[in-house]
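Just below is one structure, and these are the notes that go with it.
Protein chains: 2
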Amino acid sequence: MQRLNIDLGARSYPILIGPGLLEDVGVMSGAVPARDVMVVTNDVVAPLYLARVVRALADRRVETTLLPDGERYKTLETMGRVLDALVAARMNRDACVLALGGGVVGDIAGFAAACYQRGVGYVQVPTTLLAQVDSSVGGKTGVNHPGGKNLVGAFHQPLAVISDTGTLCSLPVRELRAGLAEVIKYGLVADAAFLDWLESNVEKLLALDPPAVEYAVRRCCEIKAAVVAADEREHGARALLNLGHTFGHAIEAAAGYGEWLHGEAVGVGMLMATDLSRRLGWVDGVAVQRVRELLERAGLRTSAPPIGAGRALDLMAMDKKVLGGRIRLVLLARIGEGVVSGDYPAAELQQTLVAHFGSAA
Amino acid sequence: MQRLNIDLGARSYPILIGPGLLEDVGVMSGAVPARDVMVVTNDVVAPLYLARVVRALADRRVETTLLPDGERYKTLETMGRVLDALVAARMNRDACVLALGGGVVGDIAGFAAACYQRGVGYVQVPTTLLAQVDSSVGGKTGVNHPGGKNLVGAFHQPLAVISDTGTLCSLPVRELRAGLAEVIKYGLVADAAFLDWLESNVEKLLALDPPAVEYAVRRCCEIKAAVVAADEREHGARALLNLGHTFGHAIEAAAGYGEWLHGEAVGVGMLMATDLSRRLGWVDGVAVQRVRELLERAGLRTSAPPIGAGRALDLMAMDKKVLGGRIRLVLLARIGEGVVSGDYPAAELQQTLVAHFGSAA
Numbered sequence: 004m005q006r007l008n009i010d011l012g013a014r015s016y017p018i019l020i021g022p023g024l025l026e027d028v029g030v031m032s033g034a035v036p037a038r039d040v041m042v043v044t045n046d047v048v049a050p051l052y053l054a055r056v057v058r059a060l061a062d063r064r065v066e067t068t069l070l071p072d073g074e075r076y077k078t079l080e081t082m083g084r085v086l087d088a089l090v091a092a093r094m095n096r097d098a099c100v101l102a103l104g105g106g107v108v109g110d111i112a113g114f115a116a117a118c119y120q121r122g123v124g125y126v127q128v129p130t131t132l133l134a135q136v137d138s139s140v141g142g143k144t145g146v147n148h149p150g151g152k153n154l155v156g157a158f159h160q161p162l163a164v165i166s167d168t169g170t171l172c173s174l175p176v177r178e179l180r181a182g183l184a185e186v187i188k189y190g191l192v193a194d195a196a197f198l199d200w201l202e203s204n205v206e207k208l209l210a211l212d213p214p215a216v217e218y219a220v221r222r223c224c225e226i227k228a229a230v231v232a233a234d235e236r237e238h239g240a241r242a243l244l245n246l247g248h249t250f251g252h253a254i255e256a257a258a259g260y261g262e263w264l265h266g267e268a269v270g271v272g273m274l275m276a277t278d279l280s281r282r283l284g285w286v287d288g289v290a291v292q293r294v295r296e297l298l299e300r301a302g303l304r305t306s307a308p309p310i311g312a313g314r315a316l317d318l319m320a321m322d323k324k325v326l327g328g329r330i331r332l333v334l335l336a337r338i339g340e341g342v343v344s345g346d347y348p349a350a351e352l353q354q355t356l357v358a359h360f361g362s363a364a
Numbered sequence: 004m005q006r007l008n009i010d011l012g013a014r015s016y017p018i019l020i021g022p023g024l025l026e027d028v029g030v031m032s033g034a035v036p037a038r039d040v041m042v043v044t045n046d047v048v049a050p051l052y053l054a055r056v057v058r059a060l061a062d063r064r065v066e067t068t069l070l071p072d073g074e075r076y077k078t079l080e081t082m083g084r085v086l087d088a089l090v091a092a093r094m095n096r097d098a099c100v101l102a103l104g105g106g107v108v109g110d111i112a113g114f115a116a117a118c119y120q121r122g123v124g125y126v127q128v129p130t131t132l133l134a135q136v137d138s139s140v141g142g143k144t145g146v147n148h149p150g151g152k153n154l155v156g157a158f159h160q161p162l163a164v165i166s167d168t169g170t171l172c173s174l175p176v177r178e179l180r181a182g183l184a185e186v187i188k189y190g191l192v193a194d195a196a197f198l199d200w201l202e203s204n205v206e207k208l209l210a211l212d213p214p215a216v217e218y219a220v221r222r223c224c225e226i227k228a229a230v231v232a233a234d235e236r237e238h239g240a241r242a243l244l245n246l247g248h249t250f251g252h253a254i255e256a257a258a259g260y261g262e263w264l265h266g267e268a269v270g271v272g273m274l275m276a277t278d279l280s281r282r283l284g285w286v287d288g289v290a291v292q293r294v295r296e297l298l299e300r301a302g303l304r305t306s307a308p309p310i311g312a313g314r315a316l317d318l319m320a321m322d323k324k325v326l327g328g329r330i331r332l333v334l335l336a337r338i339g340e341g342v343v344s345g346d347y348p349a350a351e352l353q354q355t356l357v358a359h360f361g362s363a364a
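Keeping their order, the protein sequence lines are chains A and B.
Just so you know, the first sequence maps onto residues 4 to 364 in my numbering.
Just so you know, the second sequence maps onto residues 4 to 364 in my numbering.
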């Protein structure tokens, strides 16, 4: 088992990484400091892991909220169902929410924990690669709005993150690949050596080679821990972790949530951000080719849907990273170094959008 | 104009108190540090004050969300309407929400500001006595749940509180009286000399004598500012400000939100808390009589609805101040000194409940 710490003063918490953790009585009961526990999970994850979690917490009062599976249910209404369950179970301020599942479950459960009685504790038990390397760490919680992704939410740090890498065996391969997009992201924005390692090991990750998976999850969490500790509420450097996300949000919003997986959209978005960086003269064509090839080897898409540059720009403008009407994007100063910028010629963005989304409306 | 400061480090903010402030261009534009402003108000307050606020912010882009008036609309759904309006107006992270109205408007608008894009700024412009002395200050935001009051919300401090005491002239007398209950509360839990002052000046306050009103609002805010600065998230001393609220919540919940005004229920609740303190031997019968007489002079109710002690206890148990199954109450060690305690004999609570709520189910 690997152990990291997110250093946030009074809100610091551990990340535990390793196989079999969610059924480990010592790990689970140590991480959940509450008598009353509301497990929030979904109808796909529950048959696989719920019984093990409940068994590991046999000395607690455990109630369960079962959500429907899928990004399209990541709504204020679904969050309200978790609140209803907490009220119905008469859980008080000392209760703890436990999010068992992927990013959607974690985001909804964490937001419900943030709002219930103005904030109760929660523990993340992510069961997807994307959640283990990204969404479970750092305290971003929330739901989507018809007007845009993650427009509603809270910064609310978990009490602990328990990443049972054994759960990745039950993950559909498409979701595993989508998670790899976020893994690649860390290399691109923060660690060129890690990107090199990924280029040598992407097949091992796809084959769920245990040491490779554990290393990748750990390295991503290390990078994220450092970024979050420096900028908890995303006033600055934390935005680097959004590489590909603004382009990706446009793809997801245009397709309707659920058609594209988040990681798939982010993958294409990263390619577009790299391409725009090339048009700005910051990276060369070799860098774009490296990103494209790594995405392809990871089994990810590299073509955006033909929604047209105009509509894409409109959807991007609703993304949260717009400041004062300016679309701020994460770009690459070089491989391994992201930069947040609203300071680029509009023409280059337009060319990038046309090249990937097409010019038709 | 009086100026106080709530000292919360990076989250510190001013409270400005005086007549005519909401139409003062200097005050308003200084307090609202944003180009885009979403004014949240209701259909009673809007005809009275909205145009003045919009005029005072003529150099900003101002949009408005009009909510229906009343505690029964203080729901997650209504909060969602504010979010919808923010999205529809394409407001970004730099936008500012301005709550123009009483406690319900402030709680909903503040909660929406807490959740929109994981937190945007907001300014409180309270137009009721209750909101000016209590709910607008301290960052408690939220909505009700069918299972209990304020069960859903966030701690989110405003950027400023602008208390225009001139707006109290348009307040229905019943609401003015309800606000006085919270004013009396500050004397009871924190300042015996202020309670003496209230006993000499309650008629002046009911007549809206300007110096008396300004002094009372200021003194209440001073007390609240000190308490909130010491315990922002109500881990301890802040709970003192809930004197009468646990009993009061039972009254409000039993009556259905809206039948009793919050302050009316708190008034009776304070009388019950004082009565329980007497049964515990902490205060004498004279103290109970003082509270009863002051409530009566303020035109407030002193009799609880006959819902029965059992049902009252059940409703109180759902209140947030229950820890580990124990009902923690704010009681009086003496006039001017509140104490939070779960350490009292159940028999004395039961006697108090029967005396005020009756024994019938």
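All residues carry an ideal CB built from backbone N, CA and C; glycine is no exception.
The structure displayed is predicted, hence computed values, not measured ones.
### Query
On the three-state DSSP scale, how would you describe A:R236?
Three-state DSSP puts A:R236 in coil, outside helix and strand.
### Query
In whole angstroms, what separates the C-alpha of B:S203 from that of B:S32?
Each residue's Cα considered, the two are about 38 Å apart.
### Message
Buried or exposed for A:N8, going by 16 or more other Cβ atoms inside 10 Å?
### Response
It is exposed - the Cβ of A:N8 has fewer than 16 other Cβ atoms within 10 Å.
### Query
Short check: CB of B:F35 to CB of B:L11, under 8 Å?
The sequence as given places Val at residue 35 of chain B; Phe does not occur at that position. Contact annotation: B:V35 and B:L11 have beta-carbon atoms that are not nearer than 8 Å.
### Task
Classify B:T44 as helix, strand or coil using the three-state DSSP reduction.
Strand, per DSSP.
### Query
chain B beta carbons: is any one of them nearer than 8 Å to that of A:Q292?
Not a single CB atom of chain B sits nearer than 8 Å to the CB of A:Q292.
### Euclidean distance between Cα positions of B:Y119 and A:G113
Rounded to whole angstroms, the separation of the alpha carbons of A:G113 and B:Y119 is 15 Å.
### Task
Excluding the 5 residues preceding and the 5 following A:V190 in the sequence, name in chain order all residues of the same chain whose CB lies nearer than 6 Å to its CB.
The amino acid at residue 190 of chain A is misidentified as Val; the sequence shows Gly. These residues qualify, in order along the chain: F197, L198 and L201.
### Query
Whose CA, out of A:G345, A:P214 and A:G73, lies closest to the CA of A:D110?
Ranking A:G345, A:P214 and A:G73 by Cα distance to A:D110 puts A:G73 first.
### Message
Within a Cβ cutoff of 7 Å, which residues of the same chain sit near B:A49, ignoring the five residues on either side of it in sequence?
### Response
Around B:A49: L69.
### Query
Looking at the C-beta of B:H248, does it have a partner C-beta in chain A at a distance below 8 Å?
No, because no Cβ of chain A sits closer than 8 Å to the Cβ of B:H248.
### Message
Between the region 168 to 185 of chain A and the region 254 to 272 of chain A, can you find at least three pairs of beta-carbon atoms closer than 8 Å?
### Response
The region 254 to 272 of chain A makes contact with the region 168 to 185 of chain A; the number of CB pairs closer than 8 Å reaches 3 or more.
### Task
To the nearest angstrom, report how far apart A:R6 and A:H159 are at their CA atoms.
The straight-line gap from Cα to Cα measures roughly 21 Å.
### Message
Going by DSSP in three states, A:I226 sits in which element: helix, strand or coil?
### Response
Here A:I226 sits in helix by DSSP.
### Cα-Cα separation, B:M4 to B:V123
In a straight line, the C-alpha of B:M4 is about 27 Å away from that of B:V123.
### Three or more C-beta pairs below 8 Å linking the region 331 to 341 of chain B and the region 237 to 254 of chain B
Yes, since at least three Cβ pairs between the region 331 to 341 of chain B and the region 237 to 254 of chain B fall closer than 8 Å, the two stretches touch.
### Task
Check whether the region 9 to 29 of chain B touches the region 290 to 307 of chain A, counting contact only when three or more Cβ pairs, one atom from each stretch, lie closer than 8 Å.
Flag = no, the region 9 to 29 of chain B and the region 290 to 307 of chain A do not touch.
### Query
Taking Cβ-Cβ distances shorter than 8 Å, what residues in chain A pair up with B:Y119?
Per Cβ cutoff of 8 Å: L154 and V155.
### Message
List, from N- to C-terminal side, the alpha helix (DSSP H) runs of 4 residues or more that fit wholly inside the region 66 to 126 of chain A.
### Response
Listed in chain order, the complete alpha helix (DSSP H) runs (minimum 4 residues) inside the region 66 to 126 of chain A are 79 to 91 and 106 to 118.
### Pairwise C-alpha distance: B:P214 and B:T370
Lying outside 4 to 364, the shown extent of chain B, residue 370 of chain B is not represented and no answer is given.
### Query
Does the pairing of the region 302 to 319 of chain A with the region 253 to 260 of chain A give three or more beta-carbon distances under 8 Å?
As far as the Cβ criterion goes, the region 302 to 319 of chain A touches the region 253 to 260 of chain A, which means the pair count is three or higher.
### Message
Less than 8 Å between the C-beta atoms of B:L89 and B:V42, yes or no?
### Response
In terms of Cβ geometry, B:L89 and B:V42 do not form a close pair [threshold 8 Å].
### Task
Find the residues of chain A that neighbour B:R93, judging by a C-beta separation of less than 7 Å, and give them in chain order.
Going along chain A in sequence order, the residues near B:R93 (Cβ under 7 Å) are M321.
### Query
Would A:G145 count as contacting chain B if we go by Cβ distances under 8 Å?
Yes, A:G145 counts as interfacial toward chain B.
### Task
Verify the CB distance criterion: does A:G122 have a CB-CB separation below 8 Å to chain B?
At least one chain B Cβ lies under 8 Å of A:G122.
### Query
Does the beta-carbon distance from B:V231 to B:G247 come in below 8 Å?
Judged by beta-carbon spacing, B:G247 lies beyond the 8 Å limit of B:V231, meaning their Cβ atoms are not closer than that value.
### Extent of the continuous beta strand (DSSP E) to which B:N245 belongs
No beta strand (DSSP E) contains B:N245, which DSSP labels as neither H nor E.
### Query
Would you report the Cα separation of B:A219 and B:L297, rounded to the nearest angstrom?
Rounded to the nearest whole angstrom, the C-alpha separation of B:A219 and B:L297 is 15 Å.
### Query
A:L183 lies in the beta strand (DSSP E); which residues open and close that run?
Where A:L183 is concerned, there is no enclosing beta strand (DSSP E), although the alpha helix (DSSP H) around it starts and stops at V176 to A193.
### Query
In terms of residue numbering, what span does the beta strand (DSSP E) encompassing A:D167 cover?
From DSSP, the beta strand (DSSP E) with A:D167 extends over A163 to D167.
### Query
B:G151 versus chain A: which residues are under 8 Å apart at the beta carbon?
Here the neighbours are V90.
### Task
Anything in chain C within Cβ reach of B:F158, meaning under 8 Å, just list it in chain order.
No chain C appears in the structure shown, which is made up of the protein chains A and B.
### Span separating the alpha-carbon of A:D27 from that of B:T44
Distance between the alpha carbons of A:D27 and B:T44: 51 Å.
### Query
Is the beta carbon of B:A115 sitting closer than 8 Å to the one on B:M82?
Their beta carbons are under 8 Å apart, which means B:A115 touches B:M82 by this criterion.
### Message
Which residues does DSSP list as the beta-bridge partners of A:D39?
### Response
Paired residues: A:R64.
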